[in-house]
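Chains as they are written, first to last, in UniProt numbering: chain X, 1 to 433; chain S, 1 to 433.
Backbone N, C-alpha and C fix where the C-beta goes; we use that ideal spot for every residue, glycine too.
2 protein chains.
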Amino acid sequence: MKEIRIGILGFGTVGAGVVEGIQKNGALMADRTGIMPIVARIADLDIETDRGITVPDGVLTTDAMSVIADENVDLIVELVGGTTVARTFTLEALKQGKPVITANKALLADHGEEIYKTARENNIGIYYEAAVGGGIPILRSQRAGLIGNQIESIYGILNGTCNYMLTRMEREGLPFDEILADAQALGYAETPPDLDIDGIDTAHKAVVLASMAYGAPVPMDACPTSGIRGLSASEIVNAADLGYCIKLLAIIKDNDGEVELSVEPALVPKEHMIASVSDSFNAVFVKGDIVGDTMYYGRGAGRLPTGSAVIGDIMEAASDKLHDVGTPVSVTMMLQKDALTYCSGDNIIKRCYIRLCLEDKPGSMAQVMTIFGKHNISIASVVQKERHESGSAPVVILTQAAKESDFVAAMTEIQALDVSTSEPIRMRLEDFE
Amino acid sequence: MKEIRIGILGFGTVGAGVVEGIQKNGALMADRTGIMPIVARIADLDIETDRGITVPDGVLTTDAMSVIADENVDLIVELVGGTTVARTFTLEALKQGKPVITANKALLADHGEEIYKTARENNIGIYYEAAVGGGIPILRSQRAGLIGNQIESIYGILNGTCNYMLTRMEREGLPFDEILADAQALGYAETPPDLDIDGIDTAHKAVVLASMAYGAPVPMDACPTSGIRGLSASEIVNAADLGYCIKLLAIIKDNDGEVELSVEPALVPKEHMIASVSDSFNAVFVKGDIVGDTMYYGRGAGRLPTGSAVIGDIMEAASDKLHDVGTPVSVTMMLQKDALTYCSGDNIIKRCYIRLCLEDKPGSMAQVMTIFGKHNISIASVVQKERHESGSAPVVILTQAAKESDFVAAMTEIQALDVSTSEPIRMRLEDFE
């Protein structure tokens with residue numbers, strides 16, 4: 001039986017989950033793979049708090065660098081979080097020729113290029129399944145099972161907090177702020193909640209998926225990001241009336257060699273499988289040119305699901321190290337090209353949901369429709385609701401597919417109309433066609 | 001750039017899909033992995049038919065053994081189908097130290113143990129992602145991403161033909177025979193359709209999944225199998241009225257160390273994601289003790305989706321060969337134990353849907369309910385329909401969870417009742433709890 005000796009940096013929620021998983025199933029993993037995983041060292045600034053896990057004397061230390069340098073440690077699991085010391089530790093481990101496993105999406109989003117290149121220079125691996133989709137083996141599917149495919153599109157529900165909130169808003173009809181406060185009280189949302197509800201966490205994951213799909217590190221500023229903050233219960237109701245629900249999506253597409261990339265709330269048809277992904281679950285749809293549509297679903301966060309993904313990477317890194325694989329596919333796939341080109345408003349084609357408030361007087365709608373027509377935007381359906389007490393009437397419009405740049409121009413003109421009584425709402429409508 | 005030279009045995013539908021995929025995306029795969037896949041030789045008894053694919057002179061041959069023995073062939077892709085020459089070719093290639101990739105579920109179901117052991121003896125790999133779930137990377141997810149998990153349960157929709165037929169029966173309300181004839185005319189079902197509609201194809205895949213989950217080759221006779229042949233449109237309607245749809249499921253569970261395994265049509269709640277898997281798509285739900293619920297979805301058959309899975313295996317086998325990995329996890333996981341123990345009727349606990357036809361006279365229902373009570377079967381709901389012209393009334397019963405052995409005993413007694421006017425129907429009701 002071969003052994004692999006693991007050094008874990010960060011003994012927080014996920015770190016404890018990893019140790020628990022290895023203690024519970026380490027012998028099973030050894031039976032399955034021929035490699036016994038052994039937690040040799042664990043570093044954390046706090047080694048006093050009881051995590052409910054017993055480790056042998058000498059395993060715990062406050063000195064992360066000593067774990068990296070330890071000759072008895074074969075690979076490093078980085079779970080300290082953040083992008084400062086995590087970066088330092090990761091680069092140091094790679095330079096010492098030790099594979100690194102990380103769950104740190106922010107680290108990869110902000111410093112991925114430097115990290116992948118350092119891994120390649122040192123002919124060693126970095127493994128990061130847990131950074132995207134928690135326990136779902138989505139990156140492994142992309143870089144192994146689907147390795148023969150050009151990726152046509154990826155749609156991801158990648159933030160469990162947002163999906164939990166949207167599910168509850170839809171089911172209970174309650175306003176955003178109330179659900180958020182409740183989610184925070186229940187521990188489903190962080191305080192402050194910005195990373196989740198502003199879509200930043202989803203964007204961190206989206207750039208990792210896009211980098212792997214198209215072969216170069218994708219900077220965060222290539223991913224226009226809007227979250228669900230302040231989403232009105234009216235939009236949820238309007239969408240439901242039209243047969244849609246609203247999901248916060250990461251959208252990644254190949255548009256004739258240019259990458260379309262965004263994180264945004266979008267209407268999706270209720271009968272599509274992605275609409276069935278509820279509560280804090282995550283799911284990723286991947287369409288390959290050979291395999292067609294595929295989907296991967298599971299828990300996107302949490303101590304044990306994330307631990308499961310980290311453990312999967314540990315066993316792969318162990319096998320790679322024992323067989324001198326050198327730079328693995330999880331590195332080479334990210335560095336096929338220097339950079340990607342990204343779509344601009346002129347070559348992003350999409351459908352939209354638009355909600356306007358128009359003064360309830362003759363000609364209001366005509367002015368709006370004239371503007372849409374001028375900008376080549378065809379209308380698929382219009383529902384004008386009863387007018388508010390204010391004297392203005394909400395109008396809900398679903399468009400046909402049109403250019404993003406045309407939408408932007410049209411919305412600017414519509415907003416400037418005298419008959420437009422409040423700021424229009426516009427969201428993508430994604431019918432996956 | 002490293003190269004891997006591939007010998008393909010069988011140039012039928014999937015073989016042509018594999019060659020097409022490599023011709024289209026081989027350079028991309030090389031960029032991603034550092035290994036260039038080259039189709040060196042293709043053997044088929046028929047090398048005259050135009051498959052719409054051009055290959056260089058000298059690649060095609062009718063002599064499969066010469067491809068296996070060719071020094072310029074690094075690995076063998078077995079796509080001849082069946083379990084006779086496919087077995088011979090597979091064993092021969094493994095004995096010559098060449099990794100084998102196969103899509104042949106029947107071969108693994110019938111001769112898996114011999115094949116895995118031959119691979120282990122020769123310290124080489126057999127790779128078979130395409131044998132289960134077509135293009136879905138389900139086995140790779142199980143043996144890599146979820147390697148740290150004890151598998152608690154697997155539910156699979158693994159036969160696209162059956163799922164297509166069930167979807168159409170549900171949508172269109174048409175009888176089984178009419179849908180089958182149509183599916184055959186459209187090429188969705190084979191003639192004869194037995195392997196699909198009798199559940200045998202699903203069982204072939206179920207035993208592979210169960211073998212990997214629990215670590216020993218599972219013989220086909222350990223998998224009680226019933227298909228959808230002759231399923232009545234009444235059952236579909238009754239299920240729908242109660243909030244369920246009917247799916248042909250492979251069911252694999254760990255019941256305290258014993259394996260519960262079956263292939264059977266089952267009622268599943270409409271709101272569960274598995275109910276959203278429609279048409280010819282496949283899906284596999286896997287619950288791990290660490291990761292929780294996960295699901296994998298995609299095309300379960302077809303030239304290109306299956307080709308995608310074969311290509312994924314080719315690239316993995318190539319990497320393993322180039323790095324002298326020896327016996328890979330796809331082999332070691334199947335041979336952890338000599339044999340498994342399986343549940344019998346006493347320790348299979350499930351809910352059931354039961355449809356009876358009872359004479360419409362006082363006391364009929366009482367007799368039935370007395371029998372259920374005697375066998376410890378609690379009733380969750382009963383719907384008695386208007387009586388037929390025949391004078392008997394259909395009764396639809398959903399039970400609570402009870403022992404399979406109790407169901408068998410109760411149904412035998414009920415069928416023998418004078419008031420029971422036709423053979424009762426019984427199906428599993430699976431609420432995934």
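Under 7 Å (Cβ pairs) to chain S, residues found in the region 254 to 283 of chain X: Cβ proximity to chain S below 7 Å picks out MET273 and SER276 from the region 254 to 283 of chain X.
Proximal chain X residues relative to HIS323/S, where beta-carbon distance stays under 7 Å: As a first step, residue 323/S must be located in the second sequence, where it is residue number 323. At a C-beta separation below 7 Å, HIS323/S has these neighbours in chain X: HIS323, ASP324 and VAL325.
Short CB-CB distance (under 8 Å) between MET1/X and chain S: One-based indexing of the first sequence puts residue 1/X at position 1. Answer no: the Cβ-Cβ gap between MET1/X and chain S never drops below 8 Å.
CB contact check: VAL291/S to chain X, cutoff 8 Å: For this step, residue 291/S is matched to residue 291 along the second sequence. At least one C-beta of chain X is nearer than 8 Å to the C-beta of VAL291/S.
Residues that PHE176/S bridges to, as DSSP identifies them: Start at 1 with the first residue of the second sequence, and residue 176/S comes out as number 176. Note: PHE176/S sits in no beta bridge, so no partner.
Neighbour-count burial assignment, THR161/X, 16 or more Cβ in a 10 Å radius: Your numbering for residue 161/X matches position 161 in the first sequence. So THR161/X ends up on the buried side.
Delimiting residues of the beta strand (DSSP E) encompassing THR102/X: Reading the first sequence from its first residue, position 102 is the one you call residue 102/X. For THR102/X, the enclosing beta strand (DSSP E) has its first and last residue at 100 to 102.
Contact with chain X by ASP196/S, beta-carbon distance below 8 Å: Here residue 196/S refers to the residue found at position 196 when the second sequence is read from its first residue. Chain X, which has no Cβ nearer than 8 Å to the Cβ of ASP196/S, makes this no.
Minimum C-alpha distance to GLU423/S - residue among SER392/S, ALA106/S, ASP110/S and PRO56/S: As a working note, residue 423/S is residue 423 in the second sequence. Measuring from the Cα of GLU423/S, the nearest candidate turns out to be SER392/S.
Contacts of ASP31/X in chain S (Cβ-Cβ under 9 Å): Taking the first residue of the first sequence as 1, we reach residue 31/X at position 31. In chain order, GLY215, THR332, MET333, GLN336 and LYS337 make up the part of chain S whose C-beta sits under 9 Å from the C-beta of ASP31/X.
Any C-beta of chain X under 8 Å from that of GLN150/S: In the second sequence, the residue the question calls residue 150/S occupies position 150. Output row for GLN150/S: interface = yes.
Presumed contact (8 Å Cβ cut-off) between ILE76/S and ALA93/S, rounded CB distance: Reading the second sequence from its first residue, position 76 is the one you call residue 76/S. Reading the second sequence from its first residue, position 93 is the one you call residue 93/S. Contact holds; Cβ gap of about 4 Å.
Unbroken beta strand (DSSP E) run spanning GLU78/X, endpoints: Indexing the first sequence from 1 puts residue 78/X at position 78. Looking at the DSSP string, the run of the beta strand (DSSP E) that includes GLU78/X is 75 to 78.
Proximal chain X residues relative to ILE136/S, where beta-carbon distance stays under 7 Å: Sequence index remark: in the second sequence, residue 136/S carries index 136 (1-based). Within 7 Å Cβ-Cβ: THR294.
Best match in GLY82/S, GLY17/S and SER330/S for proximity to ARG51/S [C-alpha to C-alpha]: Reading the second sequence from its first residue, position 51 is the one you call residue 51/S. Nearest C-alpha to ARG51/S: GLY17/S.
Residues, ordered as in the chain, of the region 114 to 141 of chain X that lie near chain S by beta-carbon distance below 8 Å: Residues GLU129, GLY135, ILE136, PRO137, ARG140 and SER141.
Environment of THR54/X [buried if 16+ CB atoms lie within 10 Å]: The residue labelled residue 54/X in the question sits at position 54 within the first sequence. Per the 10 Å Cβ criterion, exposed.
Interface residues of chain S facing GLY288/X [CB-CB closer than 7 Å]: Position 288 of the first sequence, counted from the start, is the residue given in the question as residue 288/X. For a Cβ distance threshold of 7 Å, residue set SER308 of chain S lies close to GLY288/X, ordered along the chain.
Through-space distance from GLY243/S to PHE89/X, alpha-carbon basis: Sequence index remark: in the first sequence, residue 89/X carries index 89 (1-based). Sequence index remark: in the second sequence, residue 243/S carries index 243 (1-based). Whole-angstrom Cα-Cα distance: 53 Å.
Residue 434/X - DSSP class collapsed to helix/strand/coil: The requested residue 434/X is not part of the displayed model; chain X covers only 1 to 433.
Sequence-distant residues of the same chain with beta carbon closer than 7 Å to CYS223/X, five excluded per side: In the first sequence, counting from the first residue as 1, residue 223/X sits at position 223. The residues are ALA203, ALA206, VAL207, LEU261, SER262 and VAL263.
CB of ASN149/S within 8 Å of CB of VAL291/S, strictly: Residue numbering aside, residue 149/S sits at position 149 when the second sequence is read from its first letter. Residue numbering aside, residue 291/S sits at position 291 when the second sequence is read from its first letter. Taking 8 Å as the Cβ cut-off, ASN149/S and VAL291/S qualify as a contacting pair.
Delimiting residues of the beta strand (DSSP E) encompassing PHE281/X: As a working mapping, residue 281/X is identified with position 281 in the first sequence. Taken as a continuous stretch (DSSP letters only), the beta strand (DSSP E) holding PHE281/X covers 281 to 288.
Residues bridged to LEU356/X [DSSP beta-bridge criterion]: Indexing the first sequence from 1 puts residue 356/X at position 356. As computed with DSSP, LEU356/X is found in a beta bridge with VAL395/X.
Three-way DSSP call (helix, strand, coil) for THR88/S in this model: Within the second sequence, residue 88/S is the residue found at index 88, counting from 1. Here DSSP, grouped into helix, strand and coil, assigns THR88/S to helix.
Residue-chain proximity (MET365/S, chain X), Cβ-Cβ < 8 Å: Along the second sequence, read from residue 1 onward, the residue named residue 365/S stands at position 365. No, MET365/S does not count as interfacial toward chain X.
Euclidean distance between Cα positions of LYS374/X and VAL368/X: Residue mapping note: residue 374/X aligns to position 374 of the first sequence, counting from 1. Residue mapping note: residue 368/X aligns to position 368 of the first sequence, counting from 1. Those two C-alpha atoms are separated by around 10 Å.
Chain X residues whose Cβ lies nearer than 7 Å to that of GLU316/S: For the purposes of this step, residue 316/S is taken as the residue at position 316 of the second sequence. Chain order gives the chain X residues near GLU316/S as ALA144, where near means a beta carbon separation below 7 Å.
Ordered list of alpha helix (DSSP H) runs contained in the region 199 to 236 of chain X, each at least 4 residues: Along the length of the region 199 to 236 of chain X, whole alpha helix (DSSP H) runs at least 4 residues long occupy 200 to 214, reported in chain order.
Own chain partners of LYS337/S with C-beta closer than 7 Å, once the 5 adjacent residues on each side are dropped: The sequence position of residue 337/S within the second sequence is 337, counting from 1. Setting aside the 5 residues that flank it on each side, LYS337/S is surrounded in the same chain by GLY215 and ALA216, each with a C-beta closer than 7 Å to its C-beta; the list follows chain order.
Identity of the residues DSSP links to PRO265/X by a beta bridge: Taking the first sequence and counting its residues from 1, the one referred to as residue 265/X is at position 265. According to DSSP, residue pairing for PRO265/X in a beta bridge involves LEU248/X.
8 Å Cβ cutoff, TYR164/S in contact with chain X: Counting from one through the second sequence, the residue named residue 164/S turns up at place 164. Taking 8 Å as the threshold, the shortest C-beta distance from TYR164/S to chain X does not fall below it.
Neighbouring residues, chain X, relative to ILE311/S (Cβ below 8 Å): For the purposes of this step, residue 311/S is taken as the residue at position 311 of the second sequence. Ordered by position in chain X, the residues that pass the 8 Å Cβ test against ILE311/S are ILE147, GLY148 and ILE290.
Cβ-based neighbour list, ARG303/S, same chain, cut-off 7 Å, excluding 5 preceding and 5 following: Translated into positions along the second sequence, residue 303/S becomes position 303. If we look at ARG303/S and ignore the five residues flanking it on each side, its Cβ neighbours are THR13, VAL14, ALA16 and GLY17.
CA nearest to the CA of ILE377/X, picked from LYS403/X, ILE6/X and SER364/X: One-based indexing of the first sequence puts residue 377/X at position 377. With distances taken between Cα atoms, ILE377/X lies closest to LYS403/X.
Segment contact, 8 Å Cβ cut-off, at least three pairs: the region 307 to 316 of chain S with the region 24 to 36 of chain S: They touch, by the three-pair rule.
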